[in-house]
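Convert by adding 47 to the 1-based position in the sequence shown; the result is the number in my numbering.
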Amino acid sequence: MSQVKNKFNRLNNNISVSYKKAKPNIDKELALWSDEARKLQKLHGEMLVLHDELDEEDANTELLSADHLQLMDDVETLILRYSKEEKKHRKKKLVSNVEQLCAIVMADDFDANLGSSMTSELENAWVKFATLHDEMDGDPSISEVDSLEGNKILSDLLRQKNLALGTILKTNIIRKNLQVKNVNSPTNLPTISLPKFNGNISEWFSFRDKFQSLIHDNRALQDIQKFHYLDSCLELEAREEISHLQLTEQNYNIAWDHLNQIYNNNRSFVQTNIKQIFDVQYDTRNSVSSLKKILSVCKTNLVALKTLDPSISIEEQIIIYIIESKMDRYLFQEWSKKGNKKELNTLDKLFEFLDEMVCIFTSTGRYGTGRSLVNESDEIFFQKLE
Numbered sequence: 048m049s050q051v052k053n054k055f056n057r058l059n060n061n062i063s064v065s066y067k068k069a070k071p072n073i074d075k076e077l078a079l080w081s082d083e084a085r086k087l088q089k090l091h092g093e094m095l096v097l098h099d100e101l102d103e104e105d106a107n108t109e110l111l112s113a114d115h116l117q118l119m120d121d122v123e124t125l126i127l128r129y130s131k132e133e134k135k136h137r138k139k140k141l142v143s144n145v146e147q148l149c150a151i152v153m154a155d156d157f158d159a160n161l162g163s164s165m166t167s168e169l170e171n172a173w174v175k176f177a178t179l180h181d182e183m184d185g186d187p188s189i190s191e192v193d194s195l196e197g198n199k200i201l202s203d204l205l206r207q208k209n210l211a212l213g214t215i216l217k218t219n220i221i222r223k224n225l226q227v228k229n230v231n232s233p234t235n236l237p238t239i240s241l242p243k244f245n246g247n248i249s250e251w252f253s254f255r256d257k258f259q260s261l262i263h264d265n266r267a268l269q270d271i272q273k274f275h276y277l278d279s280c281l282e283l284e285a286r287e288e289i290s291h292l293q294l295t296e297q298n299y300n301i302a303w304d305h306l307n308q309i310y311n312n313n314r315s316f317v318q319t320n321i322k323q324i325f326d327v328q329y330d331t332r333n334s335v336s337s338l339k340k341i342l343s344v345c346k347t348n349l350v351a352l353k354t355l356d357p358s359i360s361i362e363e364q365i366i367i368y369i370i371e372s373k374m375d376r377y378l379f380q381e382w383s384k385k386g387n388k389k390e391l392n393t394l395d396k397l398f399e400f401l402d403e404m405v406c407i408f409t410s411t412g413r414y415g416t417g418r419s420l421v422n423e424s425d426e427i428f429f430q431k432l433e
């Protein structure tokens with residue numbers, strides 16, 4: 048009992064001293080008090096463990112005085128504030144890092160030979176920023192003003208990143224001596240390594256932005272040249288979509304518009320990314336590799352969803368996905384007809400649709416016939432997304 052009291056008194060004294068050192072620096076630079084804050088966090092954790100021991104020792108519970116409990120509350124409040132400030136500080140550094148990389152790429156003297164390494168570095172910096180942004184945006188204590196400001200920063204930074212990546216692709220073409228001196232004369236262009244697209248909706252928006260920046264908006268290229276490049280980029284299902292069109296100058300815009308009409312489908316994009324998260328499996332035979340894959344799949348797809356629309360409610364879209372996966376063929380087809388495919392579904396729209404279908408099934412006598420609405424739903428729904 049004496050040992051517990053001594054440990055309690057020592058910890059309580061250390062916490063009190065550490066708290067008094069950290070509190071005055073709350074409004075100063077984070078670096079001035081980060082060490083003291085981390086020490087305070089460690090002491091706070093040790094004291095919480097000791098509280099459990101005191102609860103079991105009735106003779107020692109008098110140590111939990113009102114002053115001590117108030118001190119612990121104050122410490123916890125300070126630690127939470129430190130945690131928020133520390134995340135804000137890290138976010139500013141990550142934003143600055145992405146902006147600096149973009150500035151390097153956009154500079155007139157950018158070395159095209161660094162394109163590959165800069166692309167990798169920029170993508171890694173973006174993932175770190177987007178992951179921290181999602182973590183902060185998911186904090187229930189965040190204010191609406193801070194959330195809107197954070198999403199604006201996300202949108203602005205995403206625009207800078209995409210512009211920088213487009214610039215890297217263009218400089219790569221220059222490095223490979225793609226020069227069209229006279230757009231009115233035939234030109235034999237060298238083979239260029241361009242992004243590929245096979246019809247996977249989760250890869251469409253990335254492919255579209257890169258191809259549009261590199262080829263579609265390139266005024267130095269004739270439409271027939273653009274069509275040849277487009278044809279070389281398409282594989283499997285995507286190529287089949289325009290296989291009926293001959294490679295002529297007049298057909299290029301028809302082909303490009305057709306692909307945009309087919310694949311500019313925000314609903315399918317969201318469904319596919321959420322499905323990939325649900326489909327990832329944990330393999331007990333290779334725990335480390337399996338966990339890394341789970342982390343990679345989840346982070347990549349969540350970032351993709353936020354990139355599509357920073358204001359998207361991922362929780363709402365997951366609930367919609369779960370309900371959709373329980374629909375049969377007829378019900379899912381009717382639901383797919385509702386609204387515009389470029390607009391994301393909402394729970395309110397889904398509930399309104401389900402109420403409407405209940406009325407239809409009741410009036411037509413389908414209700415109670417024994418035909419389940421969830422017959423073969425998983426197989427049909429997932430085949431539709433694949």
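Cβ coordinates follow ideal geometry from the N, Cα and C atoms, glycine included. All of these numbers come straight from a predicted model, not from anything done at the bench.
The three-state secondary structure of L281, taken from DSSP, is strand. By the neighbour-count criterion, in which a residue is buried when 16 or more other Cβ atoms sit within 10 angstroms of its Cβ, I215 is buried. Excluding residues up to 5 positions away in sequence, F274 lie with their Cβ nearer than 6 angstroms to the Cβ of L294 in the same chain. Secondary structure of F157 (DSSP, three-state): coil.
With a contact defined as Cβ atoms closer than 8 angstroms, V142 and F176 qualify at about 6 angstroms. According to the DSSP assignment, H305 belongs to the alpha helix (DSSP H) that extends over 299 to 310. Spatial neighbours of T218 in its own chain (CB-CB distance under 8 angstroms, excluding positions within 5 residues in sequence) are listed in chain order as F157, A159, G162.
Annotation for K339: the continuous alpha helix (DSSP H) segment containing it runs 334 to 355.
Taken in chain order, the complete beta strand (DSSP E) segments of 3 or more residues contained in the region 384 to 410 number zero; there are none.
With a 10 Å radius around the Cβ and a threshold of 16 neighbouring Cβ atoms, F398 comes out exposed. Check the Cα spacing between S63 and each of L95, E93, M119: the tightest is with M119. Per DSSP, the unbroken alpha helix (DSSP H) holding R255 starts and ends at 248 to 258.
Around the Cβ of R206, a 10 Å sphere holds fewer than 16 other Cβ atoms; the residue is exposed.
Taking all protein chains in view, the Cβ of E371 is crowded by 16 or more other Cβ atoms within 10 Å, so the residue is classified as buried.
If the five residues before and after E93 are omitted, its C-beta is found closer than 7 angstroms to the C-beta atoms of L58, all from its own chain and listed in chain order. Per the Cβ contact rule, the region 379 to 397 is in contact with the region 310 to 318 (3 or more Cβ pairs under 8 angstroms).
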